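Colleague: Residue numbers (the numbering used here), protein chains in the order written: chain A, -2 to 150; chain B, -2 to 150. Can you keep this structure in mind? I'll have questions shortly.
There are 2 protein chains.
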Amino acid sequence: MATAAAPWGEALRAHGYRITPQRQFVFEAVTDLGHGTPEEILAWVQSRSPGVNLSTVYRALEVLEEVGLVTHAHLGHGAPTYHEVDDEVHVHLVCAGCQEIDSVPAQMAQGFIDALERDRGFSTDIGHMTVQGLCRRCRAAGKSGRPRGVDRT
Amino acid sequence: MATAAAPWGEALRAHGYRITPQRQFVFEAVTDLGHGTPEEILAWVQSRSPGVNLSTVYRALEVLEEVGLVTHAHLGHGAPTYHEVDDEVHVHLVCAGCQEIDSVPAQMAQGFIDALERDRGFSTDIGHMTVQGLCRRCRAAGKSGRPRGVDRT
DNA sequence: GTAGGTGCAAAGATTTTGCAGTGCT
DNA sequence: AGCACTGCAAAATCTTTGCACCTAC
Chain A
-2 MATAAAPWGE ALRAHGYRIT PQRQFVFEAV TDLGHGTPEE ILAWVQSRSP GVNLSTVYRA
58 LEVLEEVGLV THAHLGHGAP TYHEVDDEVH VHLVCAGCQE IDSVPAQMAQ GFIDALERDR
118 GFSTDIGHMT VQGLCRRCRA AGKSGRPRGV DRT
Chain B
-2 MATAAAPWGE ALRAHGYRIT PQRQFVFEAV TDLGHGTPEE ILAWVQSRSP GVNLSTVYRA
58 LEVLEEVGLV THAHLGHGAP TYHEVDDEVH VHLVCAGCQE IDSVPAQMAQ GFIDALERDR
118 GFSTDIGHMT VQGLCRRCRA AGKSGRPRGV DRT
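This is the structure in structure tokens:
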């Protein structure tokens, strides 16, 4: 039973990394949360193992990203959000009103992506694509996105 | 000649803000640079007026954004990039290889945006839309985007 | 047993804020 | 002349790094 590693563990092994409970918790957090910032992931992990440190979360995410288990996207502000890789590729929709994150299947953007490829030779990293805007609910509530004032486009 | 304000000045006046050389420089920097981070904007401004402080740049950008002269988008990492508002609305293309920023007219994404509107009731803030990927040059050079390794999609 | 991994604390980087002096209106 | 704006410096965030101890293999 020496090498009875779970599939996610395999990925670590394959890259010469060790399997540790901290890394497992971090990966589970990402999987469970769907989308999470380092802070949110830490909170989740600490609910199982209070001693885990923020820097460990950062380092674990770095490793998990390198071995291809998770990715991150930059949504609003400066908050990087991590999510699992192996589920269906999707585009992130960030609501400027409620900060909520929605996802849509990548195919919806296919035409656009093809156009970029054709016209610019630009190869899109679909999973990192971020779309800012206002969700249905916030539009109905008449929110304008940013608190300040006029926000053209 | 009391109120001989330039068009950009008008916008400030209209919102009760004063016209100052610092704000003018910051706005010129944004216009001239096309895309710029606060740091880059500071550098540009200081080339004209060395005494200007970083915090002044931040405050000026905040004001200029409020009156609708500039906007910002979050491109790679945590670097907010500011650009002029009144030119044609465009989508940002960020190359993961060379960090360069390209723009494409918003119409290219129209189909996608319409689909989001139709299916999700999501109103897209086109100017803030960010697309990560690899530009033609970096693809040719065989870059993979992130230095680390595998990067799916 | 050994090298990689973790926790802790300090260092960095980036953005924000308080305050007194300055300059736009 | 009044009050918003600026410069400076300190505070607040968020992320990274150095080091001694611990643990997976």
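We treat Cβ as the ideally placed atom computed from N, Cα and C, and that holds for glycine. Given the structure is predicted, the values throughout are model-derived calculations rather than measurements.
1. For T130 of chain B, go through chain A and note every residue whose CB falls closer than 7 angstroms to its CB, in chain order.
2. Quick check: the stretch 38 to 45 of chain B against the stretch 88 to 99 of chain B, are at least 3 beta-carbon pairs closer than 8 angstroms?
3. Taking contact to mean 3 or more Cβ pairs, one atom from each stretch, closer than 8 angstroms, check whether the stretch 78 to 94 of chain B and the stretch 121 to 135 of chain B are in contact.
4. Determine the direct distance from the alpha carbon of S120 of chain B to that of L61 of chain B, and round the result to whole angstroms.
5. Among B:Y79, B:R117, B:R56 and B:V64, which one has its Cα closest to the Cα of R136 of chain A?
6. Enumerate in chain order the residues of its own chain whose CB-to-CB distance from R143 of chain A is below 6 angstroms, with the five nearest sequence positions on each side excluded.
7. So is V147 of chain A in contact with chain B if we call contact Cβ pairs under 9 angstroms?
8. On the three-state DSSP scale, how would you describe G142 of chain B?
9. Going by DSSP in three states, G6 of chain B sits in which element: helix, strand or coil?
10. I16 of chain A to V23 of chain A, Cα distance in whole Å?
11. Please specify which runs of the beta strand (DSSP E), each continuous and at least 3 residues long, are wholly inside the stretch 93 to 132 of chain B, giving them in chain order.
12. Could you check which residue in B:A57, B:M126, B:Q104 and B:T127 has the C-alpha nearest to that of W5 of chain B?
13. Excluding five sequence neighbours on each side, which residues of the same chain lie with their C-beta closer than 8 angstroms to the C-beta of A76 of chain B?
14. Which residue spans inside the stretch 10 to 51 of chain B form an unbroken alpha helix (DSSP H) run of at least 4?
15. Starting from the Cα of V101 of chain B, find the closest Cα among A:E114, A:P47, A:T78 and A:D83 and give me that residue.
16. Can you list the residues of chain A that G31 of chain B reaches, using a CB-CB cut of under 8 angstroms?
17. In the DSSP assignment, find the unbroken beta strand (DSSP E) run with A76 of chain A in it and report its ends.
18. Do we get a CB-CB distance below 9 angstroms when we pair G142 of chain B with the residues of chain A?
19. Pull up the distance between the alpha-carbon of I38 of chain B and that of T127 of chain A, whole angstroms please.
20. Counting contacts by CB-CB distance shorter than 9 angstroms, is L9 of chain B in contact with chain A?
21. Here's a check: name, in chain order, each residue in its chain whose Cβ is nearer than 8 angstroms to the Cβ of T78 of chain B, leaving out the five neighbours to either side.
22. Taking all protein chains shown into account, do 16 or more other C-beta atoms lie within 10 angstroms of the C-beta of A8 of chain B, making it buried, or fewer, making it exposed?
23. Taking H87 of chain A as the reference, which of A:P18, A:S46, A:I123 and A:A3 has the closest Cα?
24. Confirm, please, whether the CB-CB distance from V67 of chain A to E81 of chain A is below 9 angstroms.
Modeller: Considering the structure as presented:
1. Before going further, note that residue 130 of chain B is Gly rather than Thr in the sequence given. Ordered by position in chain A, the residues that pass the 7 angstroms Cβ test against G130 of chain B are F119, S120, T121 and D122.
2. no
3. yes
4. 24 angstroms
5. B:R117
6. Caution is warranted here: a pLDDT of 42 is assigned to R143 of chain A, below 50, making its placement in the model unreliable, and the coordinate value is therefore given only provisionally. Cβ neighbours of R143 of chain A beyond the five flanking positions: none.
7. Below a pLDDT of 50, predicted positions are generally treated as unreliable, and V147 of chain A, at 31, falls in that range; no measurement from the model is reported.
8. The pLDDT assigned to G142 of chain B is 48, lower than 50, so where the model puts this residue is not dependable; a value taken from the coordinates is nonetheless given after this. Coil.
9. helix
10. 12 angstroms
11. 98 to 102 and 127 to 131
12. B:A57
13. T34
14. 18 to 30 and 35 to 45
15. A:E114
16. Correct list: empty, because the minimum Cβ distance to chain A is about 16 angstroms.
17. It is not in any beta strand (DSSP E) - A76 of chain A carries neither H nor E in the DSSP assignment.
18. Low confidence applies here, because G142 of chain B scores a pLDDT of 48, under 50, leaving its location unreliable; read the following figure in that light. Yes, its Cβ sits closer than 9 angstroms to a Cβ of chain A.
19. 25 angstroms
20. no
21. H32, G33, T34, H69, A70, H71, L72, H89 and I98
22. buried
23. A:I123
24. yes
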